[in-house]
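**Student:** Residue numbers (the numbering used here): 1 to 461.
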Ligand SMILES: Cc1cc2nc3c(=O)[nH]c(=O)nc-3n(C[C@H](O)[C@H](O)[C@H](O)COP(=O)(O)OP(=O)(O)OC[C@H]3O[C@@H](n4cnc5c(N)ncnc54)[C@H](O)[C@@H]3O)c2cc1C
């Protein structure tokens, strides 16, 4: 194999973005992916006439992230359907209402707090990693309705299992980005060509700029000698489970790993990293710090949603399971993801990460949660197809409580090893999701190149 400037491990959002940007900057790159699909945690897979996503449900890009990255690469990321309203389940009255009705406070007070946020530079918000959102809010308002609205948005975004305990930096930087880029507190949409179309376009951008993308090719280990990256050794299926592989070597002076904190140390030999740095990785990888939920895909012949088909619905407490969660009609977002005449619904009920390996708990909660959904959406009694999934391994992301974000995360540049980078929204970055993973890729690429790219991108490090 030839020697590359950069080998990238993983063909998810971070890996394909990094690969495409570097290829456009005339670097020779090879993106190496263990699985058979593009997209990593955002992959879309066909199943019995449906298209199911491992992760990606809606893309949270106000326009300055992946949308601009596509533009820079000569592609277009069209914004498909977006949620027109946000329904909220009132767990006391057992009925649905709109998020618009939730805010009962003084609108001028809300506008005043938003104005303060928009006038605060990102650098100042970036220093609030050890503070809960409530601390910042208390400095600027005493209106409980303003507190409620800001905190409720973190429920919608599933950033923490304790919705009142979101870190100030994460919440406020995301809010400011959304206001600046989309003119709204929160914005998410279905990618115009679907999730598989989005990743196909990114792969094409890598290849059209001269890079390579290899699927079904696991990296066994990153090769490091005397504090300098040498490349990667590729793996393959082992004949004996304890076989020691002597695989192909792909040489490169730089390796960008996009593996999340949960499995990065399987391929990056930790003896080359400082112990305090691997301790940060192991700390964040703990079960109780992973965002976890019980996921369900359900299909009905008759629509079951309440108002607009593209509505995104959310709640703090389902009637019996008491799980908070979300629900939306994927068919309304993209009719090609379910057979004609069907409606595919996606939903999740958030569970604490430390409970996710307790299968008795998981099964019991699934039963309760499915019964809850039939109370909230009576039409689901006619569900004719369904699939359960457990969101934990992989997780949606690392929980975003104070002390677990920003400077408390391992830096994207490996200390003491030249040429080793970590592009992942589970390392030092902001937010969770496909757009934030792509922005993490952009940050690493700019750091590697030693200059900012001229793409008019929105906020990133
Ligand atoms: C259930 C769920 C719901 C989600 N919902 C949303 C949503 O609605 N909107 C949103 O924006 N985001 C959502 N996310 C989060 C989003 O999917 C991730 O933030 C994003 O996909 C992360 O991209 P990444 O490239 O950083 O990492 P990954 O997507 O994790 O990519 C890492 C890649 O590395 C590969 N890999 C692993 N080991 C090796 C190896 N040894 N050699 C080679 N390759 C390897 C993996 O196969 C994978 O493809 C969700 C995630 C989950 C799990």
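Glycine included, C-beta positions come from ideal geometry on N, C-alpha and C.
Does the stretch 176-193 come close enough to the stretch 420-429 to have 3 or more Cβ pairs within less than 8 Å?
**Tutor:** no
**Student:** Could you check whether residue 20 and residue 288 sit closer than 8 Å to each other, using their CB atoms as the reference points?
**Tutor:** no
**Student:** If you draw a straight line from the C-alpha of residue 345 to the C-alpha of residue 37, how long is it?
**Tutor:** 23 Å
**Student:** Tell me whether residue 465 counts as near ligand 1, meaning its Cβ is closer than 7 Å to at least one heavy atom of that ligand.
**Tutor:** The structure shown does not extend to residue 465, since the chain spans only 1 to 461, so no value can be given for it.
**Student:** With residue 387 as the anchor, note down where its beta strand (DSSP E) starts and where it stops.
**Tutor:** Looking at the DSSP string, the run of the beta strand (DSSP E) that includes residue 387 is 385-391.
**Student:** Counting only runs of 3+ residues fully inside the stretch 186-220, write out the beta strand (DSSP E) ranges in chain order.
**Tutor:** Runs found: 189-191 and 212-214.
**Student:** With a threshold of 7 Å on Cβ separation, who are the neighbours of residue 380 within its own chain once the five nearest residues in sequence on each side are excluded?
**Tutor:** Only 298, 300, 304, 373 and 374 meet the Cβ criterion.
**Student:** Indicate the three-state DSSP secondary structure (helix, strand or coil) for residue 140 in the structure shown.
**Tutor:** In the three-state DSSP reduction, residue 140 falls in the helix class (H, G or I).
**Student:** Tell me, which residues are paired with residue 298 by DSSP?
**Tutor:** 345 and 386
**Student:** Taking C-alpha atoms, which residue in 177, 187, 2 and 173 lies nearest to residue 156?
**Tutor:** 187
**Student:** What are the boundary residues of the beta strand (DSSP E) that residue 53 is part of?
**Tutor:** 50-53
**Student:** Out of 160, 137, 161 and 162, state which residue places its alpha-carbon closest to the alpha-carbon of residue 150.
**Tutor:** 137
**Student:** Between residue 417 and residue 231, how many whole angstroms is the CB-CB distance? I'm expecting something under 8 Å.
**Tutor:** Their Cβ separation, rounded to whole angstroms, is 13 Å, which puts residue 417 and residue 231 out of contact at 8 Å.
**Student:** Just tell me which of 457, 458 and 448 has its CA closest to the CA of residue 22.
**Tutor:** 448
**Student:** Rounding to the nearest angstrom, what Cα-Cα distance links residue 160 and residue 445 in this structure?
**Tutor:** 29 Å
**Student:** Starting from residue 99, trace the alpha helix (DSSP H) both ways and give me its first and last residue.
**Tutor:** 99-102
**Student:** Secondary structure at residue 5, three-state DSSP: helix, strand or coil?
**Tutor:** If DSSP states are grouped into helix, strand and coil, residue 5 belongs with the strands.
**Student:** For residue 178 and chain B, any beta-carbon pair shorter than 8 Å?
**Tutor:** The question asks about chain B, but that chain is absent: this structure has only one protein chain.
**Student:** Determine whether the beta carbon atoms of residue 475 and residue 61 lie at a separation below 8 Å.
**Tutor:** Missing from the structure shown is residue 475; the chain here goes from 1 to 461 and no further.
**Student:** Answer yes or no: the CB of residue 41 versus the heavy atoms of ligand 1, is any distance below 7 Å?
**Tutor:** yes
**Student:** Measuring from the CB of residue 437, is there a heavy atom of ligand 1 at a distance below 7 Å?
**Tutor:** yes
**Student:** Are residue 220 and residue 234 close, meaning C-beta to C-beta below 8 Å?
**Tutor:** yes
**Student:** Distance, Cα to Cα, residue 91 vs residue 25?
**Tutor:** Distance between the alpha carbons of residue 91 and residue 25: 53 Å.
**Student:** Need the endpoints of the beta strand (DSSP E) that residue 90 sits in, please.
**Tutor:** 86-90
**Student:** By the DSSP assignment, the beta strand (DSSP E) with residue 251 in it spans what residues?
**Tutor:** 249-257
**Student:** Under a Cβ-count criterion, where at least 16 other Cβ atoms within 10 Å of its own Cβ denotes burial, should residue 171 be classed as buried or exposed?
**Tutor:** Buried: at least 16 other Cβ atoms inside 10 Å.
**Student:** Does the beta carbon of residue 82 fall short of 7 Å from some heavy atom of ligand 1?
**Tutor:** no
**Student:** Classify residue 245 as helix, strand or coil using the three-state DSSP reduction.
**Tutor:** coil
**Student:** So residue 451 packs on residue 284, CB below 8 Å; how close in whole Å?
**Tutor:** Taking C-beta atoms under 8 Å as the contact rule, residue 451 and residue 284 fail to qualify, at a distance of about 30 Å.
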